[in-house]
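Participant:
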Amino acid sequence: MTEDVLIVFLKAPRPGAVKTRLLPALSEEEAALVYRALAEAAVRATAPAPGGYRRVFFFTPAEARAEMAAWLPGAALFAQEGGDLGARMLHALSAALAGGAARAAVIGSDVPWLTREAVEAAFAGLEGHDLVLGPSPDGGYYLIALRQAHPGLFADVPWSTPEVLRATRERAARLGLRVRLLPPLPDVDTVEDLRREWGRLRPLLADRPEAARRMEARLGLAAPGG
247 MTEDVLIVFL KAPRPGAVKT RLLPALSEEE AALVYRALAE AAVRATAPAP GGYRRVFFFT
307 PAEARAEMAA WLPGAALFAQ EGGDLGARML HALSAALAGG AARAAVIGSD VPWLTREAVE
367 AAFAGLEGHD LVLGPSPDGG YYLIALRQAH PGLFADVPWS TPEVLRATRE RAARLGLRVR
427 LLPPLPDVDT VEDLRREWGR LRPLLADRPE AARRMEARLG LAAPGG
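The sequence shown begins at 247 in the numbering used here and counts up one residue at a time.
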């Protein structure tokens, strides 16, 4: 039986190893807290419906399996493999498709407003297209979905730059792939992103009010109500 598979890329939420572009505006511990809150929101929002797509998690670093299993009990966990981000995504997509998936998609953990419905729309978009991308305003993409692995899509892409989406679409055109774009969604990578999206992000820290207030002070933002 074929199926759709959603691959979620995650990092172990270790201080100093995640959301480093938020430093030094935030401390390493605060940046890790932001990462964890974003990731957990994305995990909740993309939980599959009964009978829907299957979801698996590819994590890094490889030695963090026990840590990830404690964080996401019962989840299907696989270590990421490959050098750069493109190689890691290609490996994960290839593994899912070789394992029987009819369609596979990869998302990260920086877009907590990405919903199950958007993921389902991405899979549906592959009925008449070869590639679905969810563009981000910073020039990257928050989702990629395919019916077949295409190594050329991931080779020599300038990852972590504003050229990612453009370069990927150019490669898709050379490969003759039909591309569908989802509505754009912002991700949260930089201090500017954090400030811009703070109104939506602060509720994700409701269980850590003191930490949220410290972050507001560091970011120069007024706390709600004063």
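A virtual CB, placed ideally from N, CA and C, is assigned to each residue, including glycine.
Tell me the DSSP bridge mates of Pro-381?
Facilitator: For the purposes of this step, residue 381 is identified with residue 135 of the sequence shown, where counting begins at 1. Answer is Tyr-387, bridged to Pro-381.
Participant: Between the Cα of Gly-298 and the Cα atoms of Arg-311, Pro-358, Ala-348, Asp-435, which residue gives the shortest distance?
Facilitator: Start at 1 with the first residue of the sequence shown, and residue 298 comes out as number 52. Nearest C-alpha to Gly-298: Ala-348.
Participant: Using three-state DSSP, classify Ala-347 as helix, strand or coil.
Facilitator: Numbered from its first residue, the sequence shown carries residue 347 at position 101. Strand, per DSSP.
Participant: Here's the rule: buried if 16 or more other CB atoms are within 10 angstroms of the residue's CB, otherwise exposed. What is Arg-424?
Facilitator: Walking along the sequence shown from the start, residue 424 turns up at place 178. Under this definition Arg-424 is an exposed residue.
Participant: Would you mind working out which of Ala-342, Gly-346, Pro-429 sits nearest Val-352, comparing C-alpha positions?
Facilitator: Position 106 of the sequence shown, counted from the first residue, corresponds to residue 352. The shortest Cα separation from Val-352 among Ala-342, Gly-346, Pro-429 belongs to Ala-342.
Participant: Within 8 Å, do at least three Cβ pairs link the segment 285 to 303 to the segment 355 to 362?
Facilitator: With a cut-off of 8 Å, the segment 285 to 303 and the segment 355 to 362 count as touching, because enough Cβ pairs lie within range.
Participant: Please report the straight-line C-alpha distance between Ala-368 and Leu-428, rounded to a whole angstrom.
Facilitator: Here residue 368 is taken as the residue at index 122 of the sequence shown, counted from 1. Here residue 428 is taken as the residue at index 182 of the sequence shown, counted from 1. For Ala-368 and Leu-428, the distance between alpha carbons rounds to 7 Å.
Participant: Roughly how far, in whole angstroms, is the beta-carbon of Glu-276 from the beta-carbon of Ala-457, given that I think they are within contact range, below 8 Å?
Facilitator: Counting from 1 along the sequence shown, the entry for residue 276 is found at position 30. Counting from 1 along the sequence shown, the entry for residue 457 is found at position 211. Between Ala-457 and Glu-276 the Cβ distance is about 6 Å, and since that is below 8 Å, they are a contact.
Participant: Nearest to Ile-390 by alpha carbon, out of Thr-407, Pro-404, Ala-364?
Facilitator: The residue given as residue 390 occupies position 144 in the sequence shown. When only C-alpha atoms are compared, the closest one is Ala-364.
Participant: For the alpha helix (DSSP H) holding Leu-279, just list the boundary residues, first then last.
Facilitator: What you label residue 279 is simply residue 33 of the sequence shown in a count that begins at 1. From DSSP, the alpha helix (DSSP H) with Leu-279 extends over 274 to 291.
Participant: Indicate the three-state DSSP secondary structure (helix, strand or coil) for Ala-370 in the structure shown.
Facilitator: Locating residue 370 in the sequence shown gives position 124, counting from the first residue. Here Ala-370 sits in helix by DSSP.
Participant: Using the Cβ count rule (16 or more neighbours within 10 Å means buried), how would you classify Asp-453?
Facilitator: Taking the sequence shown and counting its residues from 1, the one referred to as residue 453 is at position 207. Exposed, because fewer than 16 other Cβ atoms sit within 10 Å of the Cβ of Asp-453.
Participant: Between Tyr-388 and Leu-411, how many whole angstroms is the CB-CB distance? I'm expecting something under 8 Å.
Facilitator: The count along the sequence shown starts at 1 and reaches residue 388 at position 142. The count along the sequence shown starts at 1 and reaches residue 411 at position 165. In fact, because the Cβ distance is near 10 Å, the residues do not count as touching under 8 Å.
Participant: Which partner residues of Val-254 appear in the DSSP bridge assignment?
Facilitator: In the sequence shown, residue 254 corresponds to position 8, counting from 1. Paired residues: Phe-303, Ile-353.
Participant: CB-CB under 7 Å to Pro-397, same chain, minus the five flanking residues each way: which ones, in chain order?
Facilitator: Locating residue 397 in the sequence shown gives position 151, counting from the first residue. Leu-336.
Participant: Given Arg-415, which residues of its chain have a CB within under 7 Å of its CB, disregarding the five upstream and five downstream residues?
Facilitator: As a working note, residue 415 is residue 169 in the sequence shown. Excluding positions up to five away in sequence, the list reads Val-425.
Participant: Would a C-beta distance cut-off of 8 Å place Lys-265 and Ala-283 closer than the cut-off?
Facilitator: The sequence position of residue 265 within the sequence shown is 19, counting from 1. The sequence position of residue 283 within the sequence shown is 37, counting from 1. Result no, Cβ atoms of Lys-265 and Ala-283 do not sit closer than 8 Å.
Participant: Reducing DSSP to helix, strand and coil, say where Leu-268 ends up.
Facilitator: On the sequence shown, residue 268 is found 22 positions in, with the first residue counted as 1. Helix at Leu-268.
Participant: Let me know the beta strand (DSSP E) ranges lying completely inside the segment 422 to 454, each 3 residues or longer, listed in chain order.
Facilitator: DSSP runs (the beta strand (DSSP E)) wholly in the segment 422 to 454: 425 to 427.
Participant: Compute the beta-carbon to beta-carbon distance between Ala-285 and Pro-259, rounded to the nearest angstrom, for a pair I have assumed lies under 8 Å.
Facilitator: Start at 1 with the first residue of the sequence shown, and residue 285 comes out as number 39. Start at 1 with the first residue of the sequence shown, and residue 259 comes out as number 13. Contact holds; Cβ gap of about 7 Å.
Participant: Under 8 Å by Cβ, that's how I've got Asp-356 and Val-434 pegged, so tell me the actual separation to the nearest angstrom.
Facilitator: Reading the sequence shown from its first residue, position 110 is the one you call residue 356. Reading the sequence shown from its first residue, position 188 is the one you call residue 434. Confirmed, about 5 Å.
Participant: Which first and last residues belong to the beta strand (DSSP E) in which Ala-325 is found?
Facilitator: Taking the sequence shown and counting its residues from 1, one reaches residue 325 at position 79. Start and end: 323 to 325.
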